[in-house]
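Peer 1:
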Amino acid sequence: MTAANHTMRRSQASGILLMIAGVACLSANDAIAKTLTSGYSPLQILFLRNVIALPFTLLIALVMGGPLTLRSQRPAAHLLRGALWVGATMMFFTSFIYLPLAEATALIFVAPFFITMISALFLGEAVRWRRWLAVATGFLGVLIIIRPGGATFQLISLLPVTTALVYALLMLSARWVDPRESVWTLLVYLTGAGALLSALIVPLVWVPIRLEDLWFFVGIAVFGTAGMTMMTQAFRLAPASIVAPLDYTGLPWAMLFGWLIWRESLDAMTIFGAAIIIASGLFSIFQDRNQNRV
321 MTAANHTMRR SQASGILLMI AGVACLSAND AIAKTLTSGY SPLQILFLRN VIALPFTLLI
381 ALVMGGPLTL RSQRPAAHLL RGALWVGATM MFFTSFIYLP LAEATALIFV APFFITMISA
441 LFLGEAVRWR RWLAVATGFL GVLIIIRPGG ATFQLISLLP VTTALVYALL MLSARWVDPR
501 ESVWTLLVYL TGAGALLSAL IVPLVWVPIR LEDLWFFVGI AVFGTAGMTM MTQAFRLAPA
561 SIVAPLDYTG LPWAMLFGWL IWRESLDAMT IFGAAIIIAS GLFSIFQDRN QNRV
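Note that my numbering has the sequence shown beginning at 321, numbered continuously upward.
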């Protein structure tokens, strides 16, 4: 094995480990958020998460990219992305109040399918029939989970799906940012814009923070920032086709946290629907990889 191949393998291995660890951290972030929703508004949770996380994010950006990461040529684009971030997170945290953690997590995995649809229908990108088949199959998985018209149907089940749509818009909005700006610049401004925008309306729902809950707010900021940082770095060290499928390891984590903390369990149909969503997502990722090789 040549030195170049050895370096590439080590880089990919590091990317895989970082992606797995990052997804685990974001799953812990979600579990803490669900715990906090019993006493606080999702908006207050989001506000405090961003305010506490902002110094960590600034430090990481300065270490990884230097002072230039704090400059942006298009601050308005970051502000719009912050609004999408606040909206998506608010809806996702709200769904935790009513749904099992794993069910909400499974439903948000349809975000890549929304990205495909928006790219094809509104951005003029060419999408092959196999990708459309994956999109249709993924939404079939959603229907199996939420079962519209059935006795177990809850309108609130549509909230994670709407979250996935707004999250897809957030991902696509990165194209509006100056391409010379680094991922660390995006991370800083997303956190800062989220803190600023949520600060404007959080007084309407603010309740005093109990001392015993303070560590939960610190935890959600630390786990959330660590997860986003590790996942960002994973995509820098390894090809997306290798690390992107590992995002689905979030579902086993959500199932584990849900069972350990709230004794939540999923019925067979929900597990089946989640499996269809994940299989369709993996198919799309591998289709992208094969297409790029052509």
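Where is the CB? At the ideal position from N, CA and C, for every residue including glycine.
(1) If you draw a straight line from the C-alpha of Trp-405 to the C-alpha of Val-486, how long is it?
(2) Is it buried or exposed for Arg-329, if we count other Cβ within 10 angstroms and need 16 for buried?
(3) Would you mind working out which of Met-339, Lys-354, Tyr-360 and Val-343 sits nearest Val-525, comparing C-alpha positions?
(4) By alpha-carbon positions, which one of Ile-340, Thr-457, Leu-356 and Ile-372 ends up nearest to Leu-516?
(5) Count the other CB atoms, across all protein chains shown, that sit within 10 Å of the CB of Glu-445; report buried if there are 16 or more and exposed otherwise.
(6) Excluding sequence positions up to five away, which residues of its chain have a Cβ less than 8 Å from the Cβ of Val-614?
(7) Three Cβ pairs or more, each shorter than 8 Å: is that satisfied between the region 543 to 557 and the region 339 to 354?
(8) As a quick exercise: from Arg-450, Ile-435, Leu-566 and Leu-368, pick the residue whose alpha carbon is nearest that of Met-410.
(9) Give me the Cα-Cα distance between Pro-565 and Leu-571, rounded to the nearest whole angstrom.
(10) Between the alpha carbons of Gly-458 and Ser-331, how many angstroms are there, rounded?
(11) For Met-491, which option in Leu-506, Leu-479, Val-481 and Arg-500 has the closest C-alpha, if you only look at C-alpha atoms?
(12) Where does Arg-391 sit, in a helix, a strand or coil, going by DSSP?
(13) Applying the criterion that 16 or more other CB atoms from any shown protein chain within 10 Å of the CB defines a buried residue, is Thr-327 buried or exposed?
(14) Identify whether Phe-280 lies in helix, strand or coil by the three-state DSSP scheme.
(15) Should Asp-567 go down as buried or exposed, given a rule of 16 or more other Cβ atoms within 10 Å for buried?
(16) If contact is defined by three or more beta carbon pairs under 8 Å, each pair taking one atom from either stretch, is the region 450 to 468 in contact with the region 583 to 603?
(17) Using 8 Å as the cut-off, can you tell me whether the region 531 to 539 makes contact with the region 587 to 598, which would need three or more C-beta pairs spanning the two stretches below that distance?
(18) Just checking, does the region 571 to 583 make contact with the region 425 to 432 on the three C-beta pairs under 8 Å criterion?
(19) Output the distance between the C-alpha atoms of Leu-557 and His-398, rounded to the nearest integer angstrom.
(20) Is the beta carbon of Val-277 sitting closer than 7 Å to the one on Ala-381?
(21) Leu-421 and Lys-354 - do their beta-carbons sit closer together than 7 Å?
(22) What would DSSP say about Ile-598, mapped onto helix, strand or coil?
(23) Sort Ile-435, Pro-499 and Leu-419 by Cα distance to Phe-473 and report the nearest one.
(24) Can you give me the Cβ contacts of Ile-521 inside the same chain, cut-off strictly under 8 Å, excluding the 5 residues immediately before and after it?
Peer 2: So, to answer that:
(1) Against the sequence shown, residue 405 aligns to sequence position 85. Against the sequence shown, residue 486 aligns to sequence position 166. Roughly 8 Å between the two C-alpha positions.
(2) Position 9 of the sequence shown holds residue 329. Exposed is the call here.
(3) On the sequence shown, residue 525 is found 205 positions in, with the first residue counted as 1. Among Met-339, Lys-354, Tyr-360 and Val-343, the Cα nearest to that of Val-525 is on Tyr-360.
(4) Here residue 516 refers to the residue found at position 196 of the sequence shown. For Leu-516, the nearest C-alpha among the options comes from Ile-372.
(5) Working through the sequence shown from its first residue, we reach residue 445 at position 125. By the 10 Å Cβ count, Glu-445 comes out exposed.
(6) Taking the sequence shown and counting its residues from 1, one reaches residue 614 at position 294. Annotation note: pLDDT 45 at Val-614 (below 50); position unreliable, coordinate value reported separately. Counting only Cβ-Cβ distances below 8 Å, and skipping sequence neighbours, we find nothing.
(7) yes
(8) For this step, residue 410 is matched to residue 90 along the sequence shown. The option with the nearest alpha carbon to Met-410 is Leu-368.
(9) Looking up residue 565 in the sequence shown gives position 245. Looking up residue 571 in the sequence shown gives position 251. About 12 Å.
(10) Counting from 1 along the sequence shown, the entry for residue 458 is found at position 138. Counting from 1 along the sequence shown, the entry for residue 331 is found at position 11. Those two C-alpha atoms are separated by around 32 Å.
(11) Indexing the sequence shown from 1 puts residue 491 at position 171. Comparing Cα positions, the closest option is Leu-506.
(12) Numbered from its first residue, the sequence shown carries residue 391 at position 71. In the structure shown, Arg-391 sits in coil (DSSP, three-state: anything other than H, G, I, E or B).
(13) In the sequence shown, residue 327 corresponds to position 7, counting from 1. When all chains shown are included, Thr-327 counts as exposed.
(14) With the chain running from 321 to 614 in the structure shown, residue 280 is simply not present.
(15) Against the sequence shown, residue 567 aligns to sequence position 247. Buried, since its Cβ has 16 or more Cβ neighbours within 10 Å.
(16) They touch, by the three-pair rule.
(17) no
(18) Short answer: they touch.
(19) Your numbering for residue 557 matches position 237 in the sequence shown. Your numbering for residue 398 matches position 78 in the sequence shown. Taking the straight line joining both Cα atoms gives about 25 Å.
(20) For the chain, the structure presents residues 321 to 614; residue 277 sits outside this window and is missing.
(21) Against the sequence shown, residue 354 aligns to sequence position 34. Against the sequence shown, residue 421 aligns to sequence position 101. It is a contact, given that the beta carbons lie within the stated cut-off.
(22) Counting from one through the sequence shown, the residue named residue 598 turns up at place 278. Note: Ile-598 maps to helix in three-state DSSP.
(23) Along the sequence shown, one-based indexing puts residue 473 at 153. Out of Ile-435, Pro-499 and Leu-419, Leu-419 has the C-alpha closest to the C-alpha of Phe-473.
(24) Residue mapping note: residue 521 aligns to position 201 of the sequence shown, counting from 1. Excluding sequence neighbours, Ile-521 sits near Leu-363.
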